[in-house]
């Protein structure tokens, strides 16, 4: 009687000719893809090495190697060979890269660059070998630096947790956005205090531990949820501890305690606590194989055809050239620009000298034209207007790029809280030393689209470049300082009422009318 696969001896470490050839081809494809998309890999590597938020990613390649090693030699028992269906996956990754490049969104191109390496595995090794490596392939997603988008939300959550704990501890305090006023001074839950670094690292740790230590999907989900909740709550406690210590020993001492004690020992204790809570629920037996060859072989996969090495590499080369050629053609697009632009006249308003209480000038680094001025009306409303015009949207010339817009880095201004909703714009409340408060409303325009959404702008830019259309992009920031004769929101509403449809006014500014 023949033995079932689970009853047979574990596969040997001997690697047959088919696997040796397949691994050599995979290495060749990976090296080629990394070389051809080196700009994306270099950008990711720069963030891994130079950004403390992403330093933990430096460990991910070693973790990936360890995960693959845990599946050996069982992996070599699976059939291996070129798979035509992998071209569809590779084509999807290349299309994603092209769309990201057309939109000048580095994070999308980086996701796509990693996805290409993932897609190369089923293409070169075949579907069953790829299934045997499913979790390591999925874990490759952690090579992509992500999480900065959550910073404003995490700042707000941390501030709310902090003020609640401050009140519980009997300290009189008042919260305004991400600023907390106490008898010891004004505290800001800054970007560096948002806890995003620890949260991202904990999510990566949680995904790894959930896979290695658990079999039950419910337990895996619960453990990952714990790894998300614990750092958020712990960061709120850390921020409260800083405020609490400052009440008795001063802000300078509290800052030192925060960076030395909380920065090292507190979060180490949180990690240990998460592991301790999950330990008793680990349900994967020690020494249990990470790969069930029998289960992979039992799966019914869609019928797929193999292909020759030449056909595989030829098709791959054509797809890569098509994607990169398409993007190169789009990069040459630029809308015609006027020789000069001007802020239009507004009925009932007149131009006055721009004299802010605290220096403020939005950033539009890649714009072809920029304007900044102040309007006032007879009632005493005052509004600052910043307008920028772009011939194209590409790296270094993005209206919605990082550090662009109303909140210019390292200028003394900090994000305070979201502002009131305004159609076709997004609002931010800003605060500078003094303190000086400012409400800024940002709008983007391209074609007929007027929006405050950076995502909608990027989608419109993608469509323009996808269809090789030449369209200008405009950035308009209407802003007003608090503390004048009128509330900033009232001044901005009065200005908008006089201007009328904001899209037409932006077009007039772009034409210098």
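Numbering (my numbering), first residue to last: 2 to 514. In this text, a Cβ means the ideal position worked out from N, Cα and C, and glycines have one as well.
Report buried or exposed for residue i, applying the criterion of at least 16 other Cβ atoms within 10 angstroms of its Cβ.
i: residue 363; result: buried
i: residue 188; result: buried
i: residue 286; result: exposed
i: residue 425; result: buried
i: residue 462; result: buried
i: residue 310; result: exposed
i: residue 501; result: exposed
i: residue 512; result: exposed
i: residue 248; result: buried
i: residue 168; result: exposed
i: residue 411; result: exposed
i: residue 322; result: exposed
i: residue 497; result: buried
i: residue 208; result: buried
i: residue 300; result: exposed
i: residue 458; result: buried
i: residue 111; result: buried
Name the residue from the options whose alpha carbon lies nearest to the alpha carbon of residue i.
i: residue 204; options: 505, 498, 146; result: 146
i: residue 429; options: 322, 411, 485, 406; result: 406
i: residue 31; options: 467, 272, 114, 63; result: 114
i: residue 236; options: 90, 201, 464; result: 201
i: residue 197; options: 27, 382, 151, 127; result: 151
i: residue 509; options: 33, 345, 162, 56; result: 345
i: residue 61; options: 104, 488, 144; result: 144
i: residue 141; options: 148, 294, 102, 116; result: 116
i: residue 156; options: 215, 239, 127; result: 239
i: residue 350; options: 474, 179, 493, 427; result: 493
i: residue 422; options: 468, 465, 491; result: 491
i: residue 138; options: 68, 107, 165; result: 68
i: residue 230; options: 162, 328, 467; result: 162
i: residue 288; options: 220, 214, 294, 348; result: 214
i: residue 336; options: 417, 382, 475, 218; result: 475
i: residue 104; options: 121, 397, 434; result: 397
i: residue 179; options: 459, 434, 416, 477; result: 416
i: residue 378; options: 352, 275, 400; result: 352
Just verifying my parser: in three-state terms, what is the DSSP assignment at residue i?
i: residue 380; result: coil
i: residue 245; result: helix
i: residue 385; result: strand
i: residue 41; result: helix
i: residue 419; result: strand
i: residue 350; result: strand
i: residue 181; result: strand
i: residue 359; result: coil
i: residue 10; result: Legend: pLDDT at residue 10 = 48, less than 50; position of this residue unreliable, no value from coordinates given.
i: residue 186; result: strand
i: residue 54; result: helix
i: residue 452; result: strand
i: residue 300; result: coil
i: residue 482; result: strand
i: residue 162; result: helix
i: residue 542; result: One cannot answer for residue 542 here, as it falls past the ends of the chain, which runs 2 to 514.
i: residue 401; result: coil
i: residue 272; result: helix
i: residue 375; result: strand
i: residue 176; result: strand
i: residue 409; result: coil
i: residue 521; result: Absent from the structure is residue 521, since the part of the chain shown begins at 2 and ends at 514.
What residues match up with residue i in a beta bridge as DSSP calls it?
i: residue 475; result: 390, 446
i: residue 293; result: Paired residues: none, contrary to the question.
i: residue 437; result: 433
i: residue 428; result: 442
i: residue 370; result: 390
Between the region 382–390 and the region 354–371, are three or more C-beta pairs nearer than 8 Å? yes
Touch check for the region 351–362 and the region 442–450: three-plus C-beta pairs under 8 Å? no
With a cut-off of 8 Å, do at least 3 Cβ pairs link the region 447–458 to the region 89–97? no
Is the region 39–49 touching the region 180–195, taking contact as three or more C-beta pairs under 8 Å? no
Is there contact between the region 264–277 and the region 221–235, where contact requires at least three CB pairs shorter than 8 Å? yes
State whether the region 78–92 contacts the region 121–131, with contact taken as three or more CB pairs (one from each stretch) at a distance under 8 Å. yes
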